[in-house]
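Residues 377 to 634 in the numbering used here are what the sequence shown lists, from first letter to last. Encoded as structure tokens, the structure appears first; notes follow it.
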Amino acid sequence: MAIITLTTDLGDKDIYQAALKGSIYKSLPTVNIVDITNNVAAFNVQQAAFILKNSFHYFPDDTVHLIGIDTVYSDHTKYLAIRYKKHYFVGADNGIFSLMFDSPPEEIVEINIMQDLKFLHFPLADIFVKAACHLARGGKLNEIGLPVEEIENKMNLQPVIEKNQIKGVVIYIDSFQNVITNITKEFFNRVQQGRRFVLNFKRNETITDLSWHYNEVPVGEKLCLFGISDHLEIAINKGNASGLLGLNLNDKVIIEFQ
377 MAIITLTTDL GDKDIYQAAL KGSIYKSLPT VNIVDITNNV AAFNVQQAAF
427 ILKNSFHYFP DDTVHLIGID TVYSDHTKYL AIRYKKHYFV GADNGIFSLM
477 FDSPPEEIVE INIMQDLKFL HFPLADIFVK AACHLARGGK LNEIGLPVEE
527 IENKMNLQPV IEKNQIKGVV IYIDSFQNVI TNITKEFFNR VQQGRRFVLN
577 FKRNETITDL SWHYNEVPVG EKLCLFGISD HLEIAINKGN ASGLLGLNLN
627 DKVIIEFQ
């Protein structure tokens with residue numbers, strides 16, 4: 377069965393999500409629609425990119441990932457369909473793809489499907505659905521658009537090495553209020569080289585050991601680990617790390633090696 381995933385900022389209380397899903401089912405009744413999330417903060421391409429980048433590879437090859445972030449029509453808007461690592465992505469060329477992809481896509485086209493004027497304010501339910509369903513049926517990219525060489529580029533904020541330190545920032549806070557930084561496991565291991573470390577963050581809090589799982593410390597105690605995204609997380613066992621530790625998006629964290 378074909379799969380179309382949704383990553384959007386449509387929320388759960390308005391008609392938009394229902395209109396989008398209804399349009400998909402009307403076009404392709406047998407498809408399996410999977411919500412990755414419809415609760416991305418409005419227009420937040422960085423948040424959407426982090427979520428989709430760290431989840432799409434769990435799906436089967438040829439899954440179609442429909443991205444509904446900052447898609448409102450304008451004269452300068454480009455809508456793209458992309459083949460990357462045996463998956464398809466349909467979304468606006470607003471920088472999200474450059475934030476998601478670690479290597480060049482196999483194929484990119486600018487979608488040239490005719491826009492239905494009654495959906496001009498909501499292209500997700502029109503152009504995006506037509507493109508996604510075409511691909512879910514096994515259609516080719518070159519049948520819905522012309523090749524594009526480049527995509528809009530946005531830069532992920534990278535951790536910085538200074539002497540015996542890594543300086544990073546908070547890039548995501550999950551539903552459990554775990555705090556996720558831009559320091560990856562690969563980057564940490566490359567710099568650490570077996571040395572002991574102290575993780576410093578707000579309120580003069582420190583952590584000196586990596587945990588393998590959340591229950592490795594007593595309930596209510598703080599910890600750090602590399603989670604499912606392979607990014608360094610700061611958490612509290614069965615607690616609210618963001619709120620209790622005062623950590624918010626873009627806050628700095630520093631790892632000192634000894």
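Every residue, glycine too, gets a C-beta built ideally from N, C-alpha and C. Remember, predicted model here, so these are calculated numbers, not experimental data.
Rounded distance between the beta-carbons of residue j and residue i, thought under 8 Å
i: Val629; j: Val546; result: 7 Å
i: Phe435; j: Thr381; result: 7 Å
i: Pro535; j: Ile542; result: 5 Å
i: Asn470; j: Asp437; result: At roughly 26 Å, the Cβ-Cβ gap does not stay under 8 Å, so Asn470 and Asp437 are not in contact.
Opening and closing residue of the alpha helix (DSSP H) in which residue i lies
i: Lys402; result: 392–403
i: Glu597; result: Per DSSP, Glu597 belongs to no alpha helix (DSSP H) and is neither H nor E.
i: Ala424; result: 421–429
i: Leu621; result: 617–621
Collapsed DSSP secondary structure at residue i in the structure displayed
i: Arg566; result: helix
i: Gly471; result: coil
i: Lys506; result: helix
i: Glu519; result: helix
i: His463; result: strand
i: His452; result: coil
i: Phe432; result: helix
i: Lys561; result: helix
i: Leu500; result: helix
i: Ala418; result: coil
i: Ala512; result: helix
Opening and closing residue of the beta strand (DSSP E) in which residue i lies
i: Phe577; result: 573–577
i: Asn408; result: 408–413
i: Phe633; result: 628–633
i: Ala611; result: 607–612
Residue-level contact to chain C via CB, residue i, 8 Å cutoff
i: Ile427; result: Although the question refers to chain C, the structure presented lacks it and comprises just one protein chain.
Does the contact criterion of 3 or more C-beta pairs under 8 Å hold for the segment 388–396 versus the segment 419–435? Using a Cβ-Cβ distance cut-off of 8 Å, the segment 388–396 and the segment 419–435 are not in contact, since fewer than three pairs of beta carbons, one from each stretch, lie closer than that value.
**Report entry** At least three beta-carbon pairs within less than 8 Å, the segment 501–515 to the segment 472–480
**Finding:** No contact exists between the segment 501–515 and the segment 472–480.
**Asked** When the Cβ atoms of the segment 454–465 are set against those of the segment 507–515, are three or more pairs found closer than 8 Å?
**Response** Counting Cβ pairs under 8 Å, three or more are found: they touch.
Check your understanding: Can you find at least 3 beta carbon pairs, one from the segment 549–566 and one from the segment 604–619, that sit closer than 8 Å?
Key -> Because the criterion of three Cβ pairs below 8 Å is met, the segment 549–566 and the segment 604–619 touch.
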